[in-house]
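Report on one structure; see the data block that follows.
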Amino acid sequence: MKTYAIIPSGGDSKRFGGEIPKQYVKINGKEIIVYTIELFQNCEMIDEIIIAAKKEYFGLLYDLKQKYNLNKISNIIEGGKERQDSVYKALSSLTADTEDLIAVHDAARPLLSNKILAKALNEAKISDSIVVAIKARDTLIKGNMFVEEYVDRNNIYYAQTPQIFKYKILSDSMNKAYNENFIGTDESMIVKKAGYTVKIIEGDLKNFKITNSSDIDLFKSILSN
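Sequential numbering from 1277 applies to the sequence shown in the working numbering.
The following block contains the structure:
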């Protein structure tokens, strides 16, 4: 059994508002995406890393691969219009066995702990499909500028990454999604819609996705401590 990490990095970071996508912003002299890739580079359970990115960043990514000795990067492919497209293209580039594991992780989520990654990978070997997520802690309101109702938070989770699946499950689920013209916001949604059970692994508040400048400040603060 092999384990592949897919890192979709094709987003243009409209919410971030910077001149370049957030994952390529340098923090303490190192691009955010490098912090993320190193999580998987340094994990003994990961065999290969595939990055889906815009062609204009291929040169930078190859330079970073060499500079930081990221030798587990086996392929850099052109991403698609949507996250789902990028993951599907990366998945299609693999010659994988049905039982191989595919771990999908956001390029701008650089603070995943080794403990959670290892736990998620080990659980995926048993449960076939897992999503890292954290329980909702705040009061949840449904409405449109005015409160319509309050949502019971006891069984509500915020999805994070990595999301890990057996190759056949993710491949079959994505093919089914395209056949039904379904676009999911993440892989766990696509796999669940295809009829599979997805197990939740408890995540960590520090495993947040960088989406705006305040997240950058928080990331800097955590690194300094």
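Quick reminder that beta carbons are idealized off the backbone N, C-alpha and C, glycines included. Quick caveat: nothing in here was measured; it's all calculated off a predicted structure.
Check your understanding: Nearest CA to the CA of Ile1326: which residue from Thr1415, Ile1282 and Leu1494?
Key -> Ile1282
Review point. Taking Cβ to Cβ, would you say Gly1305 is nearer than 8 Å to Val1408?
Key: no
Practice item. For Asp1382, collect the residues of the same chain with a Cβ closer than 6 Å to its Cβ; drop the 5 residues on either side in sequence, then sort them by chain order. Key: Thr1437 and Lys1485
Review point. In chain order, which continuous runs of the beta strand (DSSP E) of length 3 or greater are located wholly inside the region 1335 to 1366?
Key: 1349 to 1354
Point to revise | Option in Ile1476, Val1474, Ile1406 and Asp1491 with minimal Cα separation from Lys1482 | key: Asp1491
Exercise for review: State yes or no: is the C-beta of Thr1279 within less than 8 Å of the C-beta of Ile1322?
Suggested key: yes
Review point. Exposed or buried, which one is Ala1453 when buried takes at least 16 other CB atoms within 10 Å?
Key: buried
Practice item. Using a threshold of 8 Å, state whether the C-beta atoms of Ala1328 and Ala1366 are closer than that. Key: yes
Point to revise | C-beta atoms of Glu1358 and Ile1459 nearer than 8 Å | key: yes
Review point. Would Ile1498 be called buried (16 or more neighbouring beta carbons within 10 Å of its own) or exposed?
Key: exposed
Exercise for review: Report the three-state DSSP secondary structure of Lys1475 (helix, strand or coil).
Suggested key: strand
Exercise for review: Assign Thr1437 to one of three DSSP states: helix, strand, or coil.
Suggested key: strand
Practice item. Just tell me which of Ile1296, Ile1476 and Ile1477 has its CA closest to the CA of Ala1384. Key: Ile1296
Check your understanding: Between which two residues does the alpha helix (DSSP H) harbouring Thr1279 extend?
Key -> No alpha helix (DSSP H) contains Thr1279, which is instead part of the beta strand (DSSP E) from Thr1279 to Ser1285.
Practice item. On a CA-only basis, which of Tyr1300, Asn1318, Gln1360 and Tyr1433 is nearest Glu1332? Give me that one, please. Key: Tyr1300
Review point. Hey, which unbroken runs of the beta strand (DSSP E) at 3 residues or more fall wholly within the region 1444 to 1495?
Key: 1475 to 1478
Practice item. Flag this pair as touching only if the region 1429 to 1447 and the region 1409 to 1418 have three or more C-beta atom pairs under 8 Å; answer yes or no. Key: yes
Practice item. For the alpha helix (DSSP H) holding Tyr1311, just list the boundary residues, first then last. Key: Ile1308 to Gln1317
Exercise for review: Flag this pair as touching only if the region 1459 to 1468 and the region 1444 to 1451 have three or more C-beta atom pairs under 8 Å; answer yes or no.
Suggested key: yes
**Study point:** Beta-carbon spacing of Leu1397, Ile1440 below 8 Å
**Key:** yes
Exercise for review: Answer with yes or no whether the minimum CB distance from Gly1305 to chain C is below 8 Å.
Suggested key: Among the chains in the structure shown there is no chain C, since it carries only a single protein chain.
Review point. In whole angstroms, what is the alpha-carbon distance linking Gly1356 and Gln1317?
Key: 24 Å
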